[in-house]
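Report on one structure; see the data block that follows.
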Amino acid sequence: MVSLVVNGCTDDPPTQGVPSVSAQATSPRPATPTTTPEPVRLPEDAPALSDVIPAPESARPAKDDNFALTKQSDISVADGTRAAGDYLADVLRPATGFPLRVVSGEDNAGGIQLLLREGGDPQDESYRLEVARDGVTLSAASQSGLFAGAHTLRQLLPADVERGETVDREWVLAGGVVEDQPRFGYRGAMLDVARHFFGVDVVKRYIDRVAQYKVNYLHLHLADDQGWRIEIDGWPRLTEVGARNEVGGGKGGFYTKQQYREIVAYAQSRGVTIVPEIDMPGHTNAALTSYAKLNCDGTAPPTYTDTKVGFSSLCIDKPVTYDFANDVITQLAEMTPGPYLHIGGDEANSTKDADYRAFFDKVLPMVVKAGKRPIGWHEYAKANVPRSGVVQYWRIETADAPTRRQADSGRRVLMSPADKTYLDMKYEESNPWGNSWAGAVDVRTAYEWEPTKELAGVGDGMVLGVEAPLWTELVTTEDEIERMTFPRMQAIAEVGWSTQTKWADFRQRLAAQAERMTAQDIAFHRDSGVPW
Ligand code: ACM
Numbered sequence: 008m009v010s011l012v013v014n015g016c017t018d019d020p021p022t023q024g025v026p027s028v029s030a031q032a033t034s035p036r037p038a039t040p041t042t043t044p045e046p047v048r049l050p051e052d053a054p055a056l057s058d059v060i061p062a063p064e065s066a067r068p069a070k071d072d073n074f075a076l077t078k079q080s081d082i083s084v085a086d087g088t089r090a091a092g093d094y095l096a097d098v099l100r101p102a103t104g105f106p107l108r109v110v111s112g113e114d115n116a117g118g119i120q121l122l123l124r125e126g127g128d129p130q131d132e133s134y135r136l137e138v139a140r141d142g143v144t145l146s147a148a149s150q151s152g153l154f155a156g157a158h159t160l161r162q163l164l165p166a167d168v169e170r171g172e173t174v175d176r177e178w179v180l181a182g183g184v185v186e187d188q189p190r191f192g193y194r195g196a197m198l199d200v201a202r203h204f205f206g207v208d209v210v211k212r213y214i215d216r217v218a219q220y221k222v223n224y225l226h227l228h229l230a231d232d233q234g235w236r237i238e239i240d241g242w243p244r245l246t247e248v249g250a251r252n253e254v255g256g257g258k259g260g261f262y263t264k265q266q267y268r269e270i271v272a273y274a275q276s277r278g279v280t281i282v283p284e285i286d287m288p289g290h291t292n293a294a295l296t297s298y299a300k301l302n303c304d305g306t307a308p309p310t311y312t313d314t315k316v317g318f319s320s321l322c323i324d325k326p327v328t329y330d331f332a333n334d335v336i337t338q339l340a341e342m343t344p345g346p347y348l349h350i351g352g353d354e355a356n357s358t359k360d361a362d363y364r365a366f367f368d369k370v371l372p373m374v375v376k377a378g379k380r381p382i383g384w385h386e387y388a389k390a391n392v393p394r395s396g397v398v399q400y401w402r403i404e405t406a407d408a409p410t411r412r413q414a415d416s417g418r419r420v421l422m423s424p425a426d427k428t429y430l431d432m433k434y435e436e437s438n439p440w441g442n443s444w445a446g447a448v449d450v451r452t453a454y455e456w457e458p459t460k461e462l463a464g465v466g467d468g469m470v471l472g473v474e475a476p477l478w479t480e481l482v483t484t485e486d487e488i489e490r491m492t493f494p495r496m497q498a499i500a501e502v503g504w505s506t507q508t509k510w511a512d513f514r515q516r517l518a519a520q521a522e523r524m525t526a527q528d529i530a531f532h533r534d535s536g537v538p539w
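Its first residue numbered 8, the sequence shown is counted upward by one per residue in this note's numbering.
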């Protein structure tokens, strides 16, 4: 579930340079039209009602019902719908140059109306978007549904709407009704800010970019051997020492608590929930180098800037290990409104099996006590995973007995098979950039797989959703982040959202996204399987 952020919660539009309601009050708006406007022609570059990624469940066009957004259009927000209304205003204002005032009320004449169905299930992400000549109505049972519908509405405007400056043109949406709901409740992206650090602005842009494809979770990999990226009270050396480093020896960095909260709030304003990860008990050299007392022999190892895995472990027998884990977990939980906290658990090759279980027997209850559902990489399936726990499968083998056992006993599985979803893999063998241990992952490979058939015994009803991780051993710039992410992210987002997935159809809709991505300055990869 996406919890609501009360962000920009006044009638004043949050964007600078746009007149506020009070500033406009002196120049009365034209009276609300009482007659239905004449039909408007759909410009050639306007998307058809079904030209959306992820593919909607149903789109019924009505060609006489195209809707023209104008400078008089308001966004009317009924109770509980303001966050999605503010989001729409925020993304549609720059290119249209229209005020798009976000006003309380239930009148959509000449504008966009957002409605929240009463008594709806907050987990229900379904929405109905009706585009008619006299206005657009978006209704949903939850905040998440409203955001999903808002993302659809955004994509129904011509690609010019993604430009950062005003474009003087008509803004017409194809008429008709979209009724839509997701296949899976969890559609995630993951950004590794530990191997290479990326600042708040880069993370915010990443959120913006993935959110438009109805990605509703961003998992932040906040600590690894090479760097610790989040301030924790009582453990200052994590950021004084552990953060000042990254792969290749760069200067690294970290988020203050305030910056982390800023990221969380920004994500919420885009309908995205942050899932923070602290990887334990392996992948912990940055913590071990910060505090000698966390090491069994009381000696801090040197900082680490290479990319090998599996050599570090917290000291399982020392009580201070659990003071540390508890402080990290409770403080992260306190800053994170979303339901999940990721505890890592992968590649703990230097932790004996019995120690690994003993560690998680102590640590997983801390996550539950902090009010969160634990997620762990699937190696933690061999531990005692709480009933609320989620197992994230990341390997390429098509069977894993511990994961299957957890699924059989009711734990949900998040699917991130590396040979389909890992955004750090090369697109093609011949590409100069990317990892290759899981094989090349071109867009078609990222698209043509079935999350409930990927892993033996983990079928319908057991899969929570899909997530596309971007590991950053080799990724050093925002351009590289974008090139590795797009357009594979659209493929995985559609796998997670849509019931009907057809490559021949998807590749056409994806090609049409080139103009939108270009307008957003996204440095995407022109995968050879797509008719750009
Ligand atoms: C992983 O790729 N080690 C989760």
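Ideal Cβ positions, reconstructed from N, Cα and C, are used throughout, including at glycine.
| query | result |
| --- | --- |
| Neighbour-count burial assignment, GLN150, 16 or more Cβ in a 10 Å radius | buried |
| Buried or exposed by the 16-neighbour rule on C-beta atoms within 10 Å, applied to GLY118 | buried |
| Beta carbon of GLY255 nearer than 8 angstroms to that of THR312 | yes |
| Where the alpha helix (DSSP H) through ALA201 begins and ends | Where ALA201 is concerned, there is no enclosing alpha helix (DSSP H), given that its DSSP letter is neither H nor E. |
| Residues near PRO189 in its chain [Cβ-Cβ closer than 6 angstroms; skip 5 each side] | GLU132 and TRP504 |
| Whole-angstrom distance between VAL470 and GLU386, CA atom to CA atom | 17 angstroms |
| Closer than 7 angstroms: TRP384 CB and nearest the ligand ACM heavy atom | yes |
| ASP240: first and last residue of the uninterrupted alpha helix (DSSP H) it sits in | Where ASP240 is concerned, there is no enclosing alpha helix (DSSP H), given that its DSSP letter is neither H nor E. |
| Contacting residues, own chain, Cβ-Cβ under 8 angstroms from ALA139 (five flanking each side not counted) | ALA69, ASP72, PHE74 and GLY182 |
| Rounded C-alpha distance that separates GLN79 from ILE237 | 45 angstroms |
| Distance cut-off 7 angstroms: ASP353 Cβ against heavy atoms of the ligand ADP | This structure lacks the ligand ADP; its bound ligands are the ligand ACM. |
| Residue from THR103, ALA102, ALA85 and LEU99 whose Cα sits closest to the Cα of LEU122 | ALA85 |
| Buried or exposed by the 16-neighbour rule on C-beta atoms within 10 Å, applied to LYS376 | exposed |
| GLN31 to THR506 span [Cα, whole Å] | Note that GLN31 scores a pLDDT of 37, beneath 50, so its modelled location is shaky and nothing firm can be said. |
| Pairwise C-alpha distance: LEU225 and ILE281 | 5 angstroms |
| Reduced DSSP secondary structure (H/G/I, E/B, other) of THR280 | strand |
| Reference ASP240, options ALA91, ALA406 and THR263, closest by Cα | THR263 |
| Closest residue to PHE531 among VAL502, GLY466, VAL179 and VAL450 (Cα-Cα distance) | VAL450 |
| For LEU229 and ILE270, believed in contact at Cβ under 8 angstroms, the rounded distance | In fact, because the Cβ distance is near 11 angstroms, the residues do not count as touching under 8 angstroms. |
| Own chain residues within Cβ distance below 7 angstroms of PRO50, not counting five before or after | PRO165, GLU177 and VAL179 |
| Contact between the segment 491-505 and the segment 185-199 (3+ Cβ pairs under 8 angstroms) | yes |
| Cβ of PRO61 within 8 angstroms of any chain B Cβ | Reference to chain B is not applicable here, since this structure consists of a single protein chain. |
| Complete beta strand (DSSP E) runs within the segment 460-524 (minimum length 3 residues, chain order) | 470-477 |
| TRP401 Cβ short of 7 angstroms to the ligand ACM heavy atom set | yes |
| Cβ separation of ASN473 and THR410, assumed to be a contact under 8 angstroms, to the nearest whole Å | The displayed chain sequence assigns Val, not Asn, to residue 473. Actually they do not touch by this definition, with Cβ atoms about 15 angstroms apart. |
| Beta carbon of ALA519 nearer than 8 angstroms to that of ASP58 | yes |
| Pair within 8 angstroms by beta-carbon distance, GLU551 and PHE205 | This structure cannot speak to residue 551, because the chain is shown only from 8 to 539. |
| Option nearest SER111 by Cα separation, candidates ALA475, PRO458, ILE82 and ARG48 | ILE82 |
| Buried versus exposed, by CB contacts within 10 Å (16 or more), ASP534 | buried |
| Whole-angstrom C-beta distance between TYR220 and MET496, which should lie under 8 angstroms | 6 angstroms |
| Cβ-based neighbour list, PHE105, same chain, cut-off 6 angstroms, excluding 5 preceding and 5 following | LYS78 |
| Sheet register partners of TYR134 (DSSP bridge) | ALA147 and ASP187 |
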